[in-house]
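Participant:
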Amino acid sequence: MTIQWFPGHMAKARREVQEKLKLVDFVIELVDARAPEASQNPMLQEILQQKPRMQVLMKEDLADPDLTVRWLQHLNKSGVKAIAVDVQNQQDIQNVIKTAKSMTAEKMARLASKGVRPRPGRAMIIGIPNVGKSTLINRLANKKIAKTGDRPGVTTQQQWIKVKKDFELLDTPGILWPKFEDKIVGYQLAAIGTIKDQLLSIEDIARFTLNHIKKSYPDLLMDRYQLKNFDANFETILEEIGQQRGALAPGGSVDLNKTAELFIRDFRNGKIGRITLEQPND
Ligand SMILES: Nc1nc2c(ncn2[C@@H]2O[C@H](COP(=O)(O)OP(=O)(O)OP(=O)(O)O)[C@@H](O)[C@H]2O)c(=O)[nH]1
Ligand SMILES: [Mg+2]
5 MTIQWFPGHM AKARREVQEK LKLVDFVIEL VDARAPEASQ NPMLQEILQQ KPRMQVLMKE
65 DLADPDLTVR WLQHLNKSGV KAIAVDVQNQ QDIQNVIKTA KSMTAEKMAR LASKGVRPRP
125 GRAMIIGIPN VGKSTLINRL ANKKIAKTGD RPGVTTQQQW IKVKKDFELL DTPGILWPKF
185 EDKIVGYQLA AIGTIKDQLL SIEDIARFTL NHIKKSYPDL LMDRYQLKNF DANFETILEE
245 IGQQRGALAP GGSVDLNKTA ELFIRDFRNG KIGRITLEQP ND
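The opening position of the sequence shown corresponds to residue 5 in the numbering used here, with each subsequent residue numbered one higher.
1. Does DSSP put residue 262 in a helix, a strand or coil?
2. Would you check if the region 27-39 and the region 96-112 touch, i.e. whether three or more CB-CB distances between them fall below 8 angstroms?
3. Give me, in chain order, the residues of the same chain whose beta-carbon lies closer than 7 angstroms to that of residue 215; leave out the 5 immediate sequence neighbours on both sides.
4. For residue 127, which residues does DSSP report across the bridge?
5. When burial is assigned at 16 or more other CB atoms within 10 Å of the CB, is residue 3 buried or exposed?
6. Would you give the residue range spanned by the alpha helix (DSSP H) that residue 137 belongs to?
7. Is residue 181 near residue 17, with beta carbons less than 8 angstroms apart?
8. Starting from residue 107, trace the beta strand (DSSP E) in both directions and tell me its first and last residue.
9. Is it the case that the CB of residue 58 approaches a heavy atom of ligand 1 more closely than 7 angstroms?
10. Using a Cβ distance threshold of 8 angstroms, determine whether the region 122-131 contacts the region 84-99, with at least three qualifying pairs required.
11. Within this structure, are the beta carbons of residue 127 and residue 173 separated by less than 8 angstroms?
12. Leaving out five residues on either side along the sequence, give the residues of the same chain with a beta carbon under 6 angstroms from the beta carbon of residue 135.
13. Using a Cβ distance threshold of 8 angstroms, determine whether the region 40-52 contacts the region 243-254, with at least three qualifying pairs required.
14. Measuring alpha carbon to alpha carbon, tell me which of 133, 170, 212 ends up nearest residue 179.
15. Go to residue 86, then tell me how far its beta strand (DSSP E) extends in each direction, as first and last residue.
16. Below 8 angstroms between beta carbons: does that hold for residue 59 and residue 86?
17. Can you give the beta carbon distance from residue 265 to residue 217, rounded, assuming they're within the 8 angstroms contact cut?
18. Output yes if chain D places a C-beta closer than 8 angstroms to the C-beta of residue 277; else output no.
19. Starting from the N-terminal side, write out each stretch of the beta strand (DSSP E) that is 3 residues or longer and does not extend beyond the region 206-234.
20. Select from 99, 70, 72, 224 the residue whose C-alpha is nearest the C-alpha of residue 143.
21. When DSSP labels each residue in this structure, what does residue 270 get in the three-state scheme?
22. What residue range does the alpha helix (DSSP H) around residue 241 cover?
23. Tell me whether residue 190 is buried or exposed, calling it buried when 16 or more other Cβ atoms sit within 10 Å of its Cβ.
24. Could you tell me which residues DSSP pairs with residue 114 in its beta bridges?
25. Please confirm whether residue 69 and residue 278 have their CB atoms less than 8 angstroms apart.
26. Could you name the residues that DSSP lists as bridge partners for residue 252?
27. Might you give, ordered along the chain, the residues of its own chain that have their beta carbon closer than 7 angstroms to the beta carbon of residue 88, omitting 5 neighbours on each side?
28. Looking at residue 232 and residue 244, is the spacing between their C-beta atoms short of 8 angstroms?
29. To the nearest angstrom, report how far apart residue 119 and residue 107 are at their CA atoms.
30. Take residue 285 and list the residues in its own chain whose beta-carbon comes closer than 6 angstroms to its own, dropping the five residues that flank it on each side.
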C-alpha cells in the first residue's frame, strides 16, 4: 500500500519549506508522541542539510509515559535534541523555549567572540498535518495568530513572533506530508488522525488499533469496555462494543462501521488510556 498524495502539492510544500529554511537558524520538528517515528517526515533530513533540528513529541498527554521516556532516550542518544510536550502544560512550553534557546547558544557565542552582537535565534516549526503546529505556535506566541494565507501576486512579508527574548518564530509552519511504503506506518498514521480516514477503511484502522491495544495494553481495553470475552477475535469484540454503546443499524443489529468510528474516536481522545503505537528500535 502506497498512499499517493498529490505530487504537485507535495513538491510545492517542499519548495515552500526550503524557501523559509533560508530565513532560520534551526528547525523545530513536531512529531506525534504516540508514533514518533511514523510521524516524522522522511524527506526532512534531506531538506535540512546542515540546519540543526530539535524534535518535539507532541500530545505527550495521550502517549504511554514509559515509552515516551524510552523514545526521548533513543532520540537524544542518536543526536537529535528531543523533548515531549503536552500543549496544555505550562512547564512543557517553558521547556520548548529553553531548548530552543540552547539550539543557537553556541552559534551566538561564536559570533560574540568575533564582536558581533548576539541576536535571538530564529526558528520555524515543521510537521505533518494535524500534529499540533498551529496550537504550539499560538501557545508560544501567547495569543491567537492571525492566519496569513498567501495571496497570489502580493509579496507577503514574513511575520516573526518574538518568544520572550529567547528566540523568534516564523508565524506560519511548514507542512510536510508523511511518505511511506510500509503498511504498518500507514495504519499508525491513520490511527492518530493524520491520514484522512477515507484513504483506509475505518474498520481496518480500528482492527489495527484494537489488536495493538489488546496485545500491549490489555488492562486498558478491559477497563474501558469490560469485555465478556477478551480472547475473541476483532469482529466479535467490535460487536460487543457496538452492542454496549448502542451503535445499532436499523433493524437492531450492530453497525460495525459506526462502532469502528466510535472506537477510533475513543482512542484519539485518550478515552482508552495513554497508548503509544510503536517502540524505539534500540
Ligand atoms: N491532547 C493533545 N492535543 C493536542 C496537543 N497539541 C495539539 N493538539 C490537538 O491536535 C489537533 C490538531 O492541532 P493543530 O494545531 O490544528 O495541528 P496542525 O499541525 O496545525 O494541523 P494542520 O494545520 O492541519 O497541518 C487539535 O485538535 C489540537 O487541539 C497536545 O499536546 N495534546
Ligand atoms: Mg495548522
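Where is the CB? At the ideal position from N, CA and C, for every residue including glycine.
Facilitator: In short:
1. Translated into the one-based positions of the sequence shown, residue 262 becomes position 258. Helix at residue 262.
2. yes
3. On the sequence shown, position 211 is the one that residue 215 refers to. Only 238 meet the Cβ criterion.
4. As a position in the sequence shown, residue 127 is number 123, starting the count at 1. Partner(s): 30, 173.
5. The question about residue 3 has no answer, for the chain in this structure spans 5 to 286.
6. Walking along the sequence shown from the start, residue 137 turns up at place 133. Start and end: 137-145.
7. As a first step, residue 181 must be located in the sequence shown, where it is residue number 177. As a first step, residue 17 must be located in the sequence shown, where it is residue number 13. A contact, by the Cβ cut-off of 8 angstroms.
8. Taking the first residue of the sequence shown as 1, we reach residue 107 at position 103. Boundaries around residue 107 are those of the alpha helix (DSSP H), 94-107, since no beta strand (DSSP E) includes it.
9. Position 54 of the sequence shown, counted from the start, is the residue given in the question as residue 58. The answer is no for residue 58.
10. no
11. Working through the sequence shown from its first residue, we reach residue 127 at position 123. Working through the sequence shown from its first residue, we reach residue 173 at position 169. Residue 173 is positioned such that its CB atom lies closer than 8 angstroms to that of residue 127.
12. Mapped onto the sequence shown, residue 135 falls at position 131. Within the same chain, residue 135 has close Cβ partners 34, 36, 62.
13. no
14. The residue you call residue 179 lines up with position 175 of the sequence shown. Checked all of 133, 170, 212; the closest Cα to residue 179 is 133.
15. Reading the sequence shown from its first residue, position 82 is the one you call residue 86. First-last of the beta strand (DSSP E) with residue 86: 85-89.
16. Looking up residue 59 in the sequence shown gives position 55. Looking up residue 86 in the sequence shown gives position 82. Yes, these two residues count as a Cβ contact at 8 angstroms.
17. Numbered from its first residue, the sequence shown carries residue 265 at position 261. Numbered from its first residue, the sequence shown carries residue 217 at position 213. Residue 265 to residue 217, Cβ: 16 angstroms. No contact.
18. The displayed structure is made up of one protein chain only, and chain D is not part of it.
19. none
20. What you label residue 143 is simply residue 139 of the sequence shown in a count that begins at 1. The shortest CA-to-CA distance from residue 143 to any of 99, 70, 72, 224 is the one to 99.
21. Position 266 of the sequence shown holds residue 270. Helix at residue 270.
22. Here residue 241 corresponds to residue number 237 of the sequence shown, with the count starting at 1. Here the alpha helix (DSSP H) through residue 241 covers 238-249.
23. As a first step, residue 190 is located in the sequence shown; it is residue number 186 there, counting from the start. Burial call: buried.
24. Here residue 114 refers to the residue found at position 110 of the sequence shown. For residue 114, which the question treats as bridged, DSSP gives no partner whatsoever.
25. As a working mapping, residue 69 is identified with position 65 in the sequence shown. As a working mapping, residue 278 is identified with position 274 in the sequence shown. In this structure, residue 278 lies closer than 8 angstroms to residue 69 by Cβ.
26. As a working mapping, residue 252 is identified with position 248 in the sequence shown. DSSP lists 258 as partners of residue 252.
27. What you label residue 88 is simply residue 84 of the sequence shown in a count that begins at 1. Only 37, 61, 64, 72, 76 meet the Cβ criterion.
28. Residue numbering aside, residue 244 sits at position 240 when the sequence shown is read from its first letter. Residue numbering aside, residue 232 sits at position 228 when the sequence shown is read from its first letter. Going by C-beta atoms, residue 244 is nearer than 8 angstroms to residue 232.
29. Looking up residue 119 in the sequence shown gives position 115. Looking up residue 107 in the sequence shown gives position 103. Residue 119 and residue 107: Cα-Cα distance of roughly 20 angstroms.
30. As a first step, residue 285 must be located in the sequence shown, where it is residue number 281. Result list for residue 285: empty, nothing under 6 angstroms.
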